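Here's the structure, in structure tokens; my notes come after.
Residue numbers (the numbering used here): 109 to 384.
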């Protein structure tokens, strides 16, 4: 497991492109029959990806967690972005179609990840946050999400924002997750931008073709930077940073949050005129 330490906005102003990518971009999450994890000190979130093909994968506790099992003091949310997946949690089997979400709460000891068809392997993206109490394991297809229809063709940001793990959906301790899907012809996400200083966020961009890219905007509103992101790469967004993006085509992304507050209303909107 890779470890990323927290950064502050004063240092980030001085980062060159390589340093920005080193701190905030996760370039590789999916590799055949491997589990990749990144532990960020931004609210102690773990961002990971698993691509089981020929064999089942077990989500085990890395040495640095100093726990007997992965969810001893954590909760986790999985989103499948590939072929049909099977996640078995303490013997309970859950089949996930593309864009299905599975939440697994604190205390579950055994997590096994599989693909139903090796020729169309699953790609299980997961985010894990610290948890103080157990919540029940629960699956939700995207059709059961609280869906908000945002933006318009005129502003190139027509999109569906699907809230899945949140106070009005699947309950958790602090983890919040959802999926945003942009309509064809729309390329902007989360514009107008905002910050929420009491929780971090992670983005996984996906459903981009090979040659397409997303320019992810970050930084303080008056000191913005950008990262060029390819398909199935993720961004760590610290609490002090905006998190917005524009693509060379439409795309989708999984957003995940962890931190002190558990409400979507805790944000400070930054209009485009306030960005520099």
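Yeah, the Cβ is synthetic: ideal placement off N, Cα and C, and Gly gets one too. Quick caveat: nothing in here was measured; it's all calculated off a predicted structure.
Burial state of residue 182 (16 or more Cβ within 10 Å): To locate residue 182, count along the chain shown from 1; it is residue 74. Buried, because 16 or more other Cβ atoms sit within 10 Å of the Cβ of residue 182.
Under the three-state DSSP convention, the category residue 205 falls into: What you label residue 205 is simply residue 97 of the chain shown in a count that begins at 1. Three-state result, residue 205: coil.
Enclosing alpha helix (DSSP H) for residue 132 [first to last residue]: Taking the first residue of the chain shown as position 1, residue 132 is located at position 24. Element bounds for residue 132: 125-132.
Neighbourhood of residue 327 by C-beta distance below 7 Å, restricted to the same chain and skipping five residues each side: As a working note, residue 327 is residue 219 in the chain shown. The residues are 120, 333, 349, 350.
Inter-residue CB distance, residue 212 and residue 197 (contact presumed, cutoff 8 Å): Within the chain shown, residue 212 is the residue found at index 104, counting from 1. Within the chain shown, residue 197 is the residue found at index 89, counting from 1. Contact holds; Cβ gap of about 5 Å.
Residue interval of the beta strand (DSSP E) (run including residue 119): Indexing the chain shown from 1 puts residue 119 at position 11. Where residue 119 is concerned, there is no enclosing beta strand (DSSP E), although the alpha helix (DSSP H) it sits in stretches over 117-120.
Which of helix, strand or coil DSSP assigns to residue 159: Within the chain shown, numbered from 1, the residue matching residue 159 stands at position 51. Reduced to three states, the DSSP call for residue 159 is strand.
Within 7 Å, strictly: CB atoms of residue 354 and residue 302: The sequence position of residue 354 within the chain shown is 246, counting from 1. The sequence position of residue 302 within the chain shown is 194, counting from 1. Cβ distance not < 7 Å, so residue 354 and residue 302 don't count as in contact.
Sufficient close CB pairs (3 or more, under 8 Å) joining the region 278-294 to the region 130-150: Output reads no: the region 130-150 does not touch the region 278-294.
Rounded separation between residue 277 and residue 306 - CA only: Counted from its first residue, the chain shown places residue 277 at position 169. Counted from its first residue, the chain shown places residue 306 at position 198. When rounded, the distance between both Cα atoms is 21 Å.
Contact set for residue 382: own chain, Cβ-Cβ below 7 Å, skip 5 residues either direction: For the purposes of this step, residue 382 is identified with residue 274 of the chain shown, where counting begins at 1. Contacts found: 329.
Through-space distance from residue 217 to residue 147, alpha-carbon basis: Reading the chain shown from its first residue, position 39 is the one you call residue 147. Reading the chain shown from its first residue, position 109 is the one you call residue 217. Whole-angstrom Cα-Cα distance: 20 Å.
Anticipated Cβ contact below 8 Å, residue 309 with residue 370, distance rounded: Numbered from 1 along the chain shown, position 201 holds the residue referred to as residue 309. Numbered from 1 along the chain shown, position 262 holds the residue referred to as residue 370. About 13 Å; that fails the 8 Å criterion.
Presumed contact (8 Å Cβ cut-off) between residue 367 and residue 151, rounded CB distance: Numbered from its first residue, the chain shown carries residue 367 at position 259. Numbered from its first residue, the chain shown carries residue 151 at position 43. Right, the Cβ-Cβ distance comes to about 5 Å (below 8 Å), so this counts as a contact.
Residue ranges of each beta strand (DSSP E) within the region 234-280, 3 or longer: 246-248, 254-258, 267-273
Reduced DSSP category for residue 171 - H, G, I as helix; E, B as strand; rest coil: One-based indexing of the chain shown puts residue 171 at position 63. Three-state DSSP puts residue 171 in a helix.
Bridge-paired residues (DSSP) for residue 148: Here the question's residue 148 lines up with position 40 in the chain shown. Residue 148 is bridged to 112.
N-terminal and C-terminal residue of the beta strand (DSSP E) that residue 195 is part of: Here residue 195 is taken as the residue at index 87 of the chain shown, counted from 1. Taken as a continuous stretch (DSSP letters only), the beta strand (DSSP E) holding residue 195 covers 193-197.
Beta-carbon separation (whole angstroms), residue 224 vs residue 194, contact threshold 8 Å: Translated into the one-based positions of the chain shown, residue 224 becomes position 116. Translated into the one-based positions of the chain shown, residue 194 becomes position 86. Indeed, because the Cβ distance is near 6 Å, the residues count as touching under 8 Å.
Test item: CB-CB of residue 160 and residue 222 under 7 Å: Looking up residue 160 in the chain shown gives position 52. Looking up residue 222 in the chain shown gives position 114. Yes; because the gap between Cβ atoms is below 7 Å, this pair is in contact.
Residue 229 classed as buried or exposed, judged by whether at least 16 other C-beta atoms fall within 10 angstroms: Mapped onto the chain shown, residue 229 falls at position 121. With 16 or more Cβ atoms within 10 Å of its Cβ, residue 229 is classed as buried.
Distance between residue 114 and residue 70 (C-alpha atoms, nearest Å): The structure shown does not extend to residue 70, since the chain spans only 109 to 384, so no value can be given for it.
Supposed contact pair residue 317 and residue 265 - C-beta distance, whole angstroms, cut 8 Å: Looking up residue 265 in the chain shown gives position 157. Looking up residue 317 in the chain shown gives position 209. Not a contact, Cβ separation roughly 20 Å.
Per-residue DSSP class, three states only, for residue 320: If you number the chain shown from 1, residue 320 lands on position 212. Residue state, collapsed to three classes: coil.
Euclidean distance between Cα positions of residue 259 and residue 380: As a position in the chain shown, residue 259 is number 151, starting the count at 1. As a position in the chain shown, residue 380 is number 272, starting the count at 1. When rounded, the distance between both Cα atoms is 14 Å.
Straight-line Cα distance separating residue 345 from residue 304: In the chain shown, counting from the first residue as 1, residue 304 sits at position 196. In the chain shown, counting from the first residue as 1, residue 345 sits at position 237. Distance between the alpha carbons of residue 304 and residue 345 is about 10 Å.
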